[in-house]
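Counting from 1, position 153 in the sequence shown corresponds to residue 169 in the working numbering; the numbering is continuous, with no gaps.
The beta-carbon is built from N, C-alpha and C at its ideal position, and this holds for glycine as well.
To keep things clear, I will list the structure first and then write my remarks on it.
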Amino acid sequence: MKLIECKNITKVYKNEVETWALRGISFSVEEGEFVAIVGPSGSGKSTLMHILGCLDIPTSGEYFLEGREISKLSEDELAEIRKKKIGFVFQMFNLLPRATVFKNVELPLIYEGLPKKEREEKVKEALKASAFPDEFWFHFSNQLSGGMQQRVAIARALVNNPKLILADEPTGNLDSKTG
């Protein structure tokens, strides 16, 4: 089954000047497939990631996620898809600086309404899967190095076992041993 199908996706930003971020993008991704989108800075990679992650919609074209056309969904439906089906690893991490590592990873599970014990088990599994040292689990995220923050962001993306993981520069802050 196709997890993602994009047909002639276009994204145009209209300010004083019309800027074409994406033009005629078509591709599909099967469930379980690993895909890397590469290109120079300013080529539209982050814009495409925002569309694939249901954070934005295309100006034209069609985007299907598990067979559902995304541009026809309400904001609430898009939020539900993001919560249950998509894990994000953002280039700037987007961690809560005054929350512990554990709380940052737990946050998507709190929104999902899982019981505390189940949340704790899933957080531990995700942190271990991202090779995050347990002695730092209760440090605040703003006390960590860039590489450690990146691993927290990866754990948070994995914690609810999403169908789709979108990562913008996922190894950018990791050392060669970890990355």
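Note to self: In whole angstroms, give me the CA-to-CA distance for LYS119 and ASP150.
What the structure shows: Position 103 of the sequence shown, counting from 1, holds the residue named residue 119. Position 134 of the sequence shown, counting from 1, holds the residue named residue 150. The straight-line gap from Cα to Cα measures roughly 14 Å.
Margin query: Could you tell me which whole alpha helix (DSSP H) segments of length 4 or greater appear in the region 53 to 139?
Written below: 61 to 68, 91 to 101, 117 to 128
Notebook entry, point to check: Is VAL117 near SER161, with beta carbons less than 9 Å apart?
Noted result: The residue you call residue 117 lines up with position 101 of the sequence shown. The residue you call residue 161 lines up with position 145 of the sequence shown. Not closer than 9 Å, so no.
Check: How would you write the range of the beta strand (DSSP E) that LEU174 sits in, first residue to last?
Finding: For the purposes of this step, residue 174 is identified with residue 158 of the sequence shown, where counting begins at 1. Element bounds for LEU174: not the beta strand (DSSP E) but the alpha helix (DSSP H), 162 to 174.
Check: Ordered along the chain, which non-local residues of its own chain (more than five positions away) have a Cβ less than 8 Å from that of PHE152?
Finding: In the sequence shown, counting from the first residue as 1, residue 152 sits at position 136. Same-chain partners within the cutoff: VAL117, LEU160, MET164.
Notebook entry, point to check: What span of residues does the beta strand (DSSP E) with TRP153 cover, start to end?
Noted result: Translated into positions along the sequence shown, residue 153 becomes position 137. No beta strand (DSSP E) holds TRP153; DSSP gives it neither H nor E.
Note to self: If distances are taken between C-alpha atoms only, which option among GLU47, SER57, PRO74, PHE104 comes closest to GLY83?
What the structure shows: Here residue 83 refers to the residue found at position 67 of the sequence shown. The residue with the shortest Cα to Cα distance from GLY83 is GLU47.
Check: Considering only C-alpha positions, which residue in the set VAL121, MET108, GLY40, GLU32 is nearest to THR26?
Finding: Counting from 1 along the sequence shown, the entry for residue 26 is found at position 10. Cα-wise, what sits closest to THR26 is GLY40.
Notebook entry, point to check: With a CB to CB cut of under 8 Å and the five nearest residues on each side skipped, what residues in its chain are close to ALA142?
Noted result: Against the sequence shown, residue 142 aligns to sequence position 126. These residues qualify, in order along the chain: VAL121, ALA171, ARG172, LEU174, VAL175.
Notebook entry, point to check: Should MET65 go down as buried or exposed, given a rule of 16 or more other Cβ atoms within 10 Å for buried?
Noted result: Working through the sequence shown from its first residue, we reach residue 65 at position 49. Result: buried.
Next item on the list: Kindly indicate which residue of LEU123, ILE102, GLY103 has the alpha-carbon position closest to the one of LEU112.
Entry: Taking the sequence shown and counting its residues from 1, the one referred to as residue 112 is at position 96. Of LEU123, ILE102, GLY103, the residue nearest in Cα terms is LEU123.
Check: Is the distance from the Cβ of ASN110 to the Cβ of ALA169 below 9 Å?
Finding: Within the sequence shown, the letter at position 94 stands for residue 110. Within the sequence shown, the letter at position 153 stands for residue 169. It is a contact, given that the beta carbons lie within the stated cut-off.
Check: Would you report the Cα separation of LEU94 and GLY55, rounded to the nearest angstrom?
Finding: The count along the sequence shown starts at 1 and reaches residue 94 at position 78. The count along the sequence shown starts at 1 and reaches residue 55 at position 39. When rounded, the distance between both Cα atoms is 27 Å.
Checklist line | Local Cβ density within 10 Å of PHE106, reported as buried at 16 or more and exposed below that | finding: Locating residue 106 in the sequence shown gives position 90, counting from the first residue. So PHE106 counts as buried.
Notebook entry, point to check: For TYR79, is the classification buried or exposed, using 16 other Cβ atoms within 10 angstroms of its Cβ as the cut-off for buried?
Noted result: Counting from one through the sequence shown, the residue named residue 79 turns up at place 63. Per the 10 Å Cβ criterion, buried.
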